[in-house]
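For reference, the structure discussed in these notes is given below.
Next up, the structure:
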């Protein structure tokens with residue numbers, strides 16, 4: 001399930017497309033293990049191919065995208081809206097739920113027509129990787145399996161509710177999307193200060209940053225910008241055409257960090273919510 005969903009998502013990544021579900025999102029979810037990831041993926045097929053892929057990211061959020069050439073298809077939009085809006089079909093439960101999907105699709109229009117509403121804004125950001133990326137100015141190392149705990153510890157210290165562990169790093173790295181990913185750590189002297197994982201979708205396609213964090217004891221020293229620059233350089237080395245990230249618009253500090261690392265904010269996006 002993971003492999004074929006990730007393969008479809010790779011093919012749909014283009015710089016002229018709106019922000020959407022990325023194979024790196026599936027790769028990052030793989031930290032919960034193969035079975036949990038398989039249970040969280042939703043695939044829709046039509047005409048002998050995959051036409052839509054979703055990731056149930058928690059109990060109430062479906063992160064979702066549609067094949068670019070099928071986004072105006074009325075019949076597909078109705079089928080998807082019926083499946084996602086009906087709890088008995090098992091895609092999303094009853095009650096308050098959320099759907100993240102690309103802007104400008106017939107599916108989104110249909111969901112609004114059915115009474116779904118916009119939720120809080122998110123800011124996607126993009127950095128073109130054609131020109132070289134400037135030096136981050138700090139020591140940055142690529143972290144492999146033998147030092148997984150170094151990366152995992154920084155992530156845990158960067159996010160208050162993080163459950164990321166060495167075992168979960170290995171579970172993440174065992175998934176097929178990680179074949180096109182790097183985990184990096186920036187150091188403050190001998191201390192691991194910031195971490196990032198970057199996910200390529202293949203040469204000439206946008207890559208994804210997921211996640212980036214700065215250890216709580218090393219904030220305010222520029223390590224967020226430094227590790228983001230290192231991540232952008234890593235994606236460029238992997239052949240990515242651009243680097244993408246999306247963060248809540250309310251997280252002004254994160255938006256400022258990405259801007260400082262050469263990212264440009266794209267138009268805000270909103271999940272759709274059904275109360």
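Residue numbers (the UniProt record's numbering): 1 to 275.
Ideal Cβ placement from N, Cα and C applies to all residues, glycine included.
These numbers were taken from a predicted model, which means no experiment stands behind them.
Where residue 172 is concerned, the enclosing alpha helix (DSSP H) starts and stops at 166-173. Around the CB of residue 118, fewer than 16 other CB atoms lie within 10 Å, so the residue is classed as exposed. By the neighbour-count definition (other C-beta atoms within 10 Å, threshold 16), residue 214 is a buried residue. A contact is defined here as three or more CB-CB pairs under 8 angstroms, and the segment 132-149 meets this definition with respect to the segment 182-193. When C-alpha distances from residue 275 are compared across 43, 60, 174, the shortest belongs to 60. Under the criterion of beta carbons closer than 8 angstroms, residue 2 and residue 200 do not qualify as touching, at roughly 16 angstroms. Membership of residue 111 in the alpha helix (DSSP H) is indicated by the continuous run 106-113. If you draw a 10 Å sphere on the C-beta of residue 163, you find fewer than 16 other C-beta atoms in it, and that means exposed.
Counting along the chain, residue 98 sits inside the beta strand (DSSP E) bounded by residues 97-100.
Linking residue 121 to residue 102 through their CA atoms gives a straight-line distance of about 13 angstroms.
By the Cβ rule, the segment 47-59 counts as touching the segment 2-11, because three or more pairs are nearer than 8 angstroms. Between the alpha carbons of residue 71 and residue 62 lies a distance of about 17 angstroms.
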